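Below you'll find the structure, written out as structure tokens, and then a few comments.
Residue numbers (this note's numbering): 115 to 279.
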């Protein structure tokens, strides 16, 4: 089967894509990984011939993937820094009253999480604990971006209500 024009464009521009990604990410290994992800995305397209400017399309995908990757890494770094800060400086002084309030709040939040639908729970976990973007979750679960946004909004609202009760 002959290769599509889009895949030919990918092969022709693969080195340029990797260089483009490496400049944005400052990591050649990650750039190669994302270039492979682009390749896989291209194979999953239903109508690749409908793309008017394949080269621009490839670089737009690359820019979006680089941005998503940097956002995810930023979130992970912030969580790691917070955890390290707590290890080095310790948590705020725990009093019996603070401990009781924290345990009660945690119990309410756990109960709220247990009441979530499996879909909402999975979307929330992927977003908040695995650092996946809403767009990545939508693609992985085969749902629309709006559906993912709705689930995350609903979960955050329920958890805030549970915490504040």
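The beta-carbon is built from N, C-alpha and C at its ideal position, and this holds for glycine as well. Here the structure is a predicted model, which means the values were calculated and not measured.
Self-check item: Secondary structure, alpha helix (DSSP H): runs of 4+ residues fully inside the region 135–189
Solution: 142–157
Exercise. Inspect the beta-carbon positions of residue 159 and residue 120 and report whether they are closer than 9 Å.
Key: yes
Quiz item: With residue 135 and residue 176 assumed to form a contact (beta carbons below 8 Å), what rounded beta-carbon distance in angstroms separates them?
Solution: 6 Å
Exercise. Give the straight-line distance between the Cα atoms of residue 146 and residue 220, rounded to the nearest whole angstrom.
Key: 42 Å
Quiz item: Hey, out of 168, 218, 197 and 237, whose CA is closest to residue 261's CA?
Solution: 237
Self-check item: Straight-line Cα distance separating residue 186 from residue 246
Solution: 7 Å
Quiz prompt | Beta-carbon spacing of residue 242, residue 277 below 9 Å | solution = no
Self-check item: Cβ-based neighbour list, residue 226, same chain, cut-off 7 Å, excluding 5 preceding and 5 following
Solution: 272, 273 and 276
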